[in-house]
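Written out below as structure tokens is the structure these notes cover.
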Amino acid sequence: MKKIILFSLIILISHFSFSQSKSPNEFLGYELGDRFTRHHQVVDYFKHIATENENVELMKYGETYENRSLQLAFITAPKNFSKLESIRTNHLKSIGLLEGEAAKDISIVWLSYNVHGNESVSTEAAMKTLYALVDPNNTETKKWLENTIVIIDPCINPDGRERYVNWYNQYQNKPYNTNPDSKEHHEPWPGGRANHYLFDLNRDWAWSSQVETQSRLKEYNKWMPHVHVDFHEQGVNNPYYFAPAAEPYHEVITDFQREFQVAIGTNHAKYFDKNGWLYFTKEVFDLLYPSYGDTYPLYNGAIGMTYEQGGSGRAGLGITTADDDVLTLKDRIAHHYTTGISTIEMASLNADKLQEEFITYFKNARSNPKGKYKSYVVSGNNGKDKINSLKELLDRHQIKYGLSKASNSVKAYDYQSNKTRSVKISSRDIVINTNQPKSNFINALFEPQTKIVDSLTYDITAWALPYSRGLETYALSSPLVSESVSEDVKGAPPVGVEKPYAYLAKWNSTSDVSFLSYLLQHKVKVRFSQLAFSVEGKKYDAGTLIITRRGNEKLGEKFDEIVSEATQKFDRVVTGVATGLVSEGKDFGSSSVSYLKAPKIAVLSGDGVSSLGFGEVWHFFEQQIKYPITVLDTDYFGRINLDKYDVLVLPSGSYGSILKKEKLSELKKWVQSGGRIVAIDRALNTFADSDDFDLATFKDEDDKKENEKEDKEWKEKLILEDYDNLERQSLSNIITGSIFKASMDNTHPLGFGYQKSYHTLRLNSNHYTYLKDGGNVSVIKSKNDLVSGFAGVNALKNIDESLVFGVEDMGRGAVIYLADNPLFRSFWENGKLVFCNAIFMVGQ
């Protein structure tokens with residue numbers, strides 16, 4: 003009798019516990035879709051559900067740059083929840099990421115919401131989805147959780163979302179106005195899409211430059227889900243988009259990954275058909291670029307998918323669409339909720355198959371990796387900084403590497419010469435064999451030429467790490483024997499004589515720039531050599547930092563202390579020399595050794611400026627080299643006295659309304675008086691073909707006539723083309739993020755620290771001619787210098803003799819033209835020193 007009473011009491015308590023889980027509407031005090039929920043309220047709701055349900059765990063996995071918390075919720079059946087950690091480790095053992103034998107267990111579904119802050123419906127849908135998984139009356143979800151773990155990230159990008167929500171709450175009409183002309187549908191610069199530093203987090207998965215991505219990847223690689231969904235929004239007039247994705251698919255994507263996308267899409271369609279909702283598949287959103295929230299999981303074995311709801315930053319709480327329907331936030335929530343639940347359902351119904359295929363995927367990766375190349379060798383000649391930076395990236399993705407045990411010649415593909423030749427392998431080289439769990443992702447990151455089955459793509463088409471990081475690398479058709487890499491000893495003090503005449507430090511990496519930044523901010527005066535030299539038996543390249551005792555007397559004993567602190571903090575090899583008399587080159591008192599004045603830097607932001615371009619510059623200064631800048635806004639730029647600044651950085655953008663002819667003339671006078679302008683990417687259009695500047699666009703008359711003839715023939719051809727083929731025909735005129743091998747004048751201050759060639763990422767078909775009276779520091783000489791990626795046939799015809807980086811000297815100042823963005827998404831590591839040279843070296 004007592005046992006019966008006790009059992010009944012347990013059931014009653016259990017039921018009572020469940021009944022305390024409030025729906026979002028009950029907890030928030032308003033109906034989902036009536037307003038946008040602030041981030042702290044979302045966190046509070048997730049905490050409430052985790053507190054009231056013993057089978058829900060909420061963990062904080064990081065913080066944003068603005069100190070908002072990043073959260074993950076784990077939900078599964080109670081029987082699974084009690085052994086959550088053993089399920090996780092068993093899962094990783096089954097795919098070879100942990101040592102030990104294991105069998106299949108249950109499926110893991112990861113749902114990521116609101117990677118773009120102003121695609122704001124996602125987080126609202128996340129709360130509704132979470133409640134459906136704990137709702138005591140929802141018998142279906144309970145059944146699915148028996149063999150499935152669901153991981154929910156309610157907001158990948160809290161900083162961007164709060165920027166949007168705060169703006170919308172401030173300017174929306176009450177009641178909301180569905181007229182698209184209303185201010186509440188016109189988000190101001192920079193918008194809420196990006197994170198604090200205005201990076202697109204959906205394009206940062208592989209490169210992981212942002213703190214949100216870095217924190218998320220630690221957890222993602224601990225769980226390695228079978229299914230991952232990234233919830234997005236698109237233009238307000240678009241119907242809902244879900245899998246299967248559009249071509250091109252990267253070649254490493256398996257048949258099963260393709261087939262399961264179709265299966266999930268079919269299940270979604272069933273629910274959308276029932277509700278009469280419009281949708282589309284197999285269009286626009288391809289699976290090539292490896293750094294998306296759908297492709298990164300795909301290249302790591304999962305079923306990775308993007309779901310796109312119409313809406314985004316324009317939709318607000320409701321908007322009238324082009325077909326005179328009203329799209330509300332409640333509609334958008336319903337659609338995202340439906341695909342989220344449908345995904346969980348399909349993962350549960352196919353749990354065994356998902357696990358079998360996942361295990362097979364990684365088994366094949368280890369024993370029979372795809373691709374022509376079975377090993378990538380990164381030469382130890384690249385230097386410690388580049389090697390350590392690469393190792394940090396590989397560690398982040400749990401990619402295994404080692405030191406070569408071999409020391410012999412092998413036939414390999416050489417990324418620098420773009421040829422297969424005999425190369426010498428040494429025991430200092432880093433070896434990345436592909437017979438490991440992450441082999442498909444490795445091949446995607448290292449492939450010398452991207453294989454593109456369809457040129458109609460959504461993003462850049464080339465990104466290989468050896469090019470983007472300037473790494474001397476070789477690809478081999480067979481694996482190499484390697485051994486583990488020992489940790490470097492860091493933090494050594496300066497070498498050479500004590501209390502030297504001068505300290506010498508190399509200049510060929512951003513770590514060297516961080517070292518310089520630290521010295522300048524501690525009031526240490528620094529010089530640099532414009533020419534190579536030799537002193538005390540050692541050779542030093544042009545650009546070498548020379549930190550003389552002369553000029554730093556005011557610092558007294560602190561001078562040596564500061565240099566020593568900086569040397570150890572940034573792990574630099576700094577040599578103290580007893581003399582300024584060189585055996586080769588110019589002595590330290592020569593005019594060829596320049597004083598490096600700490601520049602006062604202004605960066606332009608605001609309307610007309612690319613928010614992403616500005617964010618790249620902002621993040622680079624603050625987070626990478628930690629050098630102070632002043633951000634100026636285009637709203638008041640005309641009233642600024644530029645004489646207070648040495649350098650003005652113009653990120654990519656359209657400056658026509660900001661820098662008109664009169665303002666350009668003012669800028670020219672400022673430059674002639676000693677100022678320096680650094681113009682990036684589309685900012686060059688402001689100076690091109692101006693009477694005041696040397697920069698010009700391609701206008702060769704003979705070629706112009708030839709192009710006009712070809713354009714006429716092309717247009718006549720288009721008349722005969724079917725309407726649905728016009729978009730594809732237009733691709734012949736564009737370049738979509740392709741890699742070219744350019745020359746580099748490394749005797750010019752803009753080229754210090756580089757070799758004679760440079761791999762550049764060209765993002766558009768703009769063609770600027772060589773400067774007539776300036777320094778053409780880096781140029782693309784011929785269309786034959788295309789290394790990887792797609793470039794249209796017409797665009798390629800106009801690429802010959804194209805400026806990449808140039809310097810126009812004007813009076814005591816200079817304009818530095820960076821036609822290709824060296825800071826692109828912060829992943830083009832090989833370009834960052836060019837930018838630093840433009841800031842610190844040129845014009846000094």
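Here the sequence shown stands for residues 3 to 846, where the numbers follow my numbering. Beta carbons: idealized from backbone N, C-alpha and C, even for Gly.
Where residue i sits in the DSSP three-state scheme
i, result
"His230", "strand"
"Ile737", "strand"
"Lys834", "helix"
"Ile801", "coil"
"Val44", "helix"
"Ser828", "helix"
"Arg205", "helix"
"Gly845", "coil"
"Gln259", "helix"
"Phe622", "helix"
"Lys525", "coil"
"Asp155", "strand"
"Val575", "coil"
CA nearest to the CA of residue i, picked from the options
i, options, result
"Lys514", "Ser488, Lys541 and Arg574", "The identity of residue 514 in the sequence shown is Asp, whereas the question assumes Lys. It is Arg574 whose Cα lies nearest to the Cα of Asp514."
"Gly553", "Gly545, Glu538, Lys525 and Asp543", "Lys525"
"Lys560", "His399, Ser441 and Lys527", "Lys527"
"Asp693", "Ser675, Arg678 and Leu669", "Leu669"
"Ile77", "His188, Gly777 and Thr131", "Thr131"
"Ile782", "His118, Asn800, Phe792 and Gly794", "Asn800"
"Glu101", "Asp107, Thr91 and Ile110", "Thr91"
"Gln43", "Ser84, Ala128 and Leu805", "Ala128"
"Pro601", "Leu518, Asn352 and Asp822", "Leu518"
"Val286", "Gln236, Pro751, Leu522 and His338", "Gln236"
"Gln418", "Ser428, Ala477 and Lys834", "Ala477"
"Ser71", "His41, Thr762, Thr341 and Asp333", "His41"
"Pro190", "Phe622, Val611 and Ser790", "Val611"
"Arg205", "Ile255, Ser675 and Phe829", "Phe829"
"Gly498", "Thr581, Ser109, Arg430 and Glu489", "Thr581"
"Pro241", "Ser210, Thr283 and Trp207", "Thr283"
"Ile110", "Asn149, Ala698, Leu522 and Thr125", "Asn149"
"Thr688", "Lys665, Asn643 and Val673", "Lys665"
Continuous alpha helix (DSSP H) stretch holding residue i: start and end
i, result
"Glu33", "Glu33 -> no alpha helix (DSSP H), and no H or E assigned at all."
"Thr125", "Val123 to Val136"
"Met348", "Leu331 to Leu351"
"Ser596", "Element bounds for Ser596: not the alpha helix (DSSP H) but the beta strand (DSSP E), Val595 to Leu598."
"Ala446", "Ser441 to Phe448"
"Val58", "Per DSSP, Val58 belongs to no alpha helix (DSSP H); it is in the beta strand (DSSP E), Val58 to Glu65."
"Ser470", "Leu467 to Ser470"
"Gly162", "Pro160 to Tyr173"
Limits of the unbroken beta strand (DSSP E) element including residue i
i, result
"Arg641", "Here Arg641 belongs to no beta strand (DSSP E), and DSSP marks it neither H nor E."
"Leu606", "Ile603 to Ser607"
"Asn778", "Gly777 to Ile782"
"Ser536", "Phe535 to Val537"
"Lys670", "Here Lys670 belongs to no beta strand (DSSP E); instead the alpha helix (DSSP H) covers Lys663 to Gln674."
"Trp225", "Unbroken run through Trp225 is the alpha helix (DSSP H), Val213 to Trp225; no beta strand (DSSP E)."
"Tyr238", "Here residue 238 is Val; the residue named in the question, Tyr, does not match the sequence. From DSSP, Val238 is part of no beta strand (DSSP E); its letter is neither H nor E."
"Tyr309", "Ile305 to Gly312"
"Phe76", "Ser71 to Ile77"
Counterpart residues of residue i in DSSP-defined beta bridges
i, result
"Asn435", "Ser377"
"Ser109", "Thr150"
"Arg764", "Ser740"
"Leu650", "Ala604 and Ile679"
"Asp416", "Lys421 and Tyr476"
Nearest-angstrom beta carbon gap, residue j and residue i [assumed within contact, 8 Å]
i, j, result
"Val380", "Thr323", "Their Cβ separation, rounded to whole angstroms, is 51 Å, which puts Val380 and Thr323 out of contact at 8 Å."
"Trp509", "Phe754", "6 Å"
"Gln846", "Lys646", "No, Gln846 and Lys646 are not in contact; Cβ-Cβ is about 18 Å, not under 8 Å."
"Ser377", "Val433", "6 Å"
"Ser740", "Phe792", "6 Å"
"Asp202", "Ala247", "That belief does not hold up - the Cβ atoms of Asp202 and Ala247 are roughly 19 Å apart, past 8 Å."
"Asn420", "Gly373", "18 Å between Cβ atoms; not a contact."
"Ala685", "Leu650", "11 Å between Cβ atoms; not a contact."
"Leu467", "Phe443", "With 8 Å as the limit, Leu467 and Phe443 do not qualify as a contact, their Cβ atoms being about 11 Å apart."
"Gln311", "His338", "6 Å"
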